[in-house]
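Chemist: The structure follows.
Protein chains in written order, with the working numbering: chain A, 4 to 117; chain B, 25 to 530.
Quick look at the structure:
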């Protein structure tokens, strides 16, 4: 076997193992294709559930606009801080009847759009 | 001890001349009679029914309706000794101070006196309904909670308040005044309970200043009127319930052509009940099941039976312009996929573990805004004693629902702020509200109290404006209504009337 072939084979095998491992860990941590809003979506520990909630938000804004707004909202204290601020200020949104902090609704809506 | 008198056994055209005639042997009438026991006053307690349910007698309550679908007029009240207490659920809670306030943003609201005018009478009212020691909101803090812990709510518009219950007797209903106080009524030498005695008209003096006499009749075996009798009392107290009080005033129209006390077209108007919509919301507790006193009655060592409820604070009522509401936890609920997503996502945002979250439905007793067009009128249809039957025009405004919705949003906010749970409002449209609508069967407001005769049928003492000797007792004189169940409150109000009568008749 030529040396070049061996290297290519090992590289291919390594890539296959890496891809498999990546898929395997998906069972524990869901992996998503990259988006321009990953810096914002990273605040969601369970993006799938957020997307399910977000599907009921009915926010017509484009993902870019939502993400831009969320970057401002989340900047000072992160997701938890934004949610707490919303609650204290009475900035609540009803999503399918659920009374949630506005930041929860917006971030969920973004998760549903990507 | 003497037996009850039976009007059917009176000689024809008997004339009775008591100091006070009380028309109606329900909780107001019986409480008033008991409060006047062993005084020098000769008290005649007139009860249409006997000591047990009689379908023929009950049928006289029948009437018709227009507007919003409401329970039949002969349901929700019982025409025999004890009245509504023969089927009540025993729920007791004193009205809040804010319930008595005139609200600048709410027309026709407010009582002619503050709650403190009733406070001296609550302990005796509590004893009469046999609800045990006066505890109520003293159990509001976690240390004194009956069993388990109170759901922490952040500072805000609602707080955990408490109902107490009339004493249960095994699986039998709570205190039934006709049975419970039968011996007391018989024992009092100055009280004469007269059963099967229907009052068919209140006859005024020609100058319309005083009641001269009451015309009465028994229900005959032929289905029509039986024996006739007359009562000529010095004073009359009308205590026949929220619908019959108005009816008797309206049918008595020989001197005052629009009916007794109806010179300003107020009798029968402002009818109200407490709407009891079920499944109004879903409450999720992040930390597992709520304490048992949220979902059912709990009996304490001292005999008090209690149940928690979420009530709005006075400050929130004023600032958010909401009315009374008492929201209680009901059935367990399974969350749908959106519900699970809402709980998981929100709990993550709040940094709490919701893996053990439990959901329950929320029900409510609401207060309605006073509405002059929610009213009772007479019809041409007649009952067995030839009295015109009533027709109710029932209404609930969209704003009534909107007010309670604001209260629910605030409860949701407080649950989030305390990081203990969250809430889903299950009602959006008017149809949603009406789909699960029940009623408190509380008949309120039809002879409302106000110091101004143009705005009320009776004055602050319950005296019919313009008359010198006709009083009205019971929840028909409530000018605005509260979400608290009326029985305890109307009894306190009646005991206040008893003190007033003792003074004016001395």
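Ideal Cβ placement from N, Cα and C applies to all residues, glycine included.
1) Any beta carbon from chain A within less than 8 Å of residue 373 of chain B's own beta carbon?
2) Which residues of chain A have a Cβ atom closer than 9 Å to the Cβ of residue 433 of chain B, listed in chain order?
3) Determine which residues share a DSSP beta bridge with residue 253 of chain B and list them.
4) Counting only runs of 4+ residues fully inside the stretch 303 to 368 of chain B, write out the alpha helix (DSSP H) ranges in chain order.
5) Going along the stretch 42 to 57 of chain A in order, which residues come within less than 9 Å of chain B, judged by CB to CB distance?
6) Starting from residue 389 of chain B, follow its DSSP beta bridges and name the residues at the other end.
7) Rounded to a whole number of angstroms, what is the C-alpha to C-alpha distance between residue 424 of chain B and residue 459 of chain B?
8) Kindly indicate the opening and closing residues of the beta strand (DSSP E) around residue 406 of chain B.
9) Looking at the secondary structure, which residues open and close the alpha helix (DSSP H) in which residue 206 of chain B lies?
10) Would you mind stating whether residue 437 of chain B and residue 93 of chain A have Cβ atoms separated by less than 8 Å?
11) Is the stretch 416 to 435 of chain B close to the stretch 339 to 356 of chain B, with three or more CB pairs under 8 Å?
12) Return the residues of the stretch 347 to 379 of chain B that lie within a Cβ-Cβ distance of less than 8 Å from chain A, sorted by chain order.
13) Determine which residues share a DSSP beta bridge with residue 101 of chain A and list them.
14) Please list the partners that residue 450 of chain B has in chain A, where partner means a Cβ-to-Cβ separation under 8 Å.
15) So, for residue 276 of chain B: in the same chain, excluding its five sequence neighbours on each side, which residues have a beta-carbon less than 8 Å away from its beta-carbon?
16) If we ignore side chains and look at the alpha-carbon of each, how far apart do residue 522 of chain B and residue 419 of chain B end up?
17) Whose C-alpha, out of B:220, B:62, B:231, B:138, is nearest the C-alpha of residue 78 of chain B?
18) Output yes or no for whether 8 Å exceeds the beta carbon distance between residue 496 of chain B and residue 480 of chain B.
19) What's the C-alpha gap between residue 397 of chain B and residue 463 of chain B?
20) Tell me whether the stretch 46 to 54 of chain B and the stretch 197 to 206 of chain B touch, counting them as touching only if at least three CB pairs, one residue from each stretch, are closer than 8 Å.
21) Do the stretch 101 to 114 of chain A and the stretch 41 to 59 of chain A make contact, defined as three or more Cβ pairs closer than 8 Å?
22) Going straight from the alpha carbon of residue 76 of chain B to that of residue 332 of chain B, what length do you get?
23) Please classify residue 13 of chain A: is it buried, with 16 or more other beta-carbons within 10 angstroms of its beta-carbon, or exposed?
24) Quick one: residues in its chain with C-beta nearer than 7 Å to the C-beta of residue 61 of chain A, no 5 flanking neighbours on either side, listed in chain order?
25) Going by DSSP, name the residue or residues bridged to residue 227 of chain B.
26) Thinking just about the alpha-carbon of each residue, which of B:27, B:306, B:506, B:527 is nearest to the one in residue 118 of chain B?
27) List, in order along the chain, the chain A residues whose C-beta lies closer than 8 Å to that of residue 446 of chain B?
28) Quick check on residue 111 of chain A - is its C-beta less than 8 Å from some C-beta in chain B?
29) Of all the CB atoms in chain B, is at least one closer than 8 Å to the CB of residue 83 of chain A?
30) Could you pull the DSSP bridge partners for residue 46 of chain B from this structure?
31) For residue 234 of chain B and residue 490 of chain B, I'd like the C-alpha separation in whole angstroms.
32) According to DSSP, is residue 502 of chain B part of a helix, a strand, or is it coil?
33) So what does DSSP say about residue 300 of chain B, is it helix, strand or coil?
34) Residues in the same chain with beta-carbon distance under 6 Å from residue 38 of chain B, minus the five sequence neighbours each way, listed in chain order, please.
35) With 8 Å as the threshold, decide whether the Cβ of residue 3 of chain B is near any Cβ in chain A.
36) Apply the 10 Å Cβ neighbour rule to residue 511 of chain B and answer buried if 16 or more other Cβ atoms are within range, or exposed otherwise.
Modeler: Let me lay it out:
1) So yes, residue 373 of chain B belongs to the interface.
2) 93, 95, 97, 102
3) DSSP, once it has assigned bridges, lists B:38, B:240 as partnering residue 253 of chain B.
4) 316 to 319, 338 to 344
5) 46, 47, 48, 49, 51, 52, 53, 54, 55, 56, 57
6) B:350
7) 16 Å
8) 399 to 406
9) 206 to 211
10) When the beta-carbon positions are compared, residue 437 of chain B and residue 93 of chain A come within less than 8 Å of each other.
11) yes
12) Cβ contacts with chain A: 361, 362, 363, 364, 365, 366, 368, 369, 370, 372, 373, 374, 375.
13) DSSP, once it has assigned bridges, lists A:98, B:448 as partnering residue 101 of chain A.
14) 100
15) 225, 226, 227, 228, 283, 284
16) 34 Å
17) Taking only the C-alpha atoms, the option nearest residue 78 of chain B is B:220.
18) no
19) 19 Å
20) Using a Cβ-Cβ distance cut-off of 8 Å, the stretch 46 to 54 of chain B and the stretch 197 to 206 of chain B are in contact, since at least three pairs of beta carbons, one from each stretch, lie closer than that value.
21) Three or more pairs of CB atoms, one per stretch, sit closer than 8 Å, so the stretch 101 to 114 of chain A contacts the stretch 41 to 59 of chain A.
22) 34 Å
23) exposed
24) none
25) B:237
26) B:506
27) Simply 101, 102, 103.
28) yes
29) yes
30) In the DSSP assignment, residue 46 of chain B is bridged to B:69, B:261.
31) 8 Å
32) coil
33) strand
34) Around residue 38 of chain B: 253.
35) The requested residue 3 of chain B does not occur in the structure, where chain B is confined to residues 25 to 530.
36) buried
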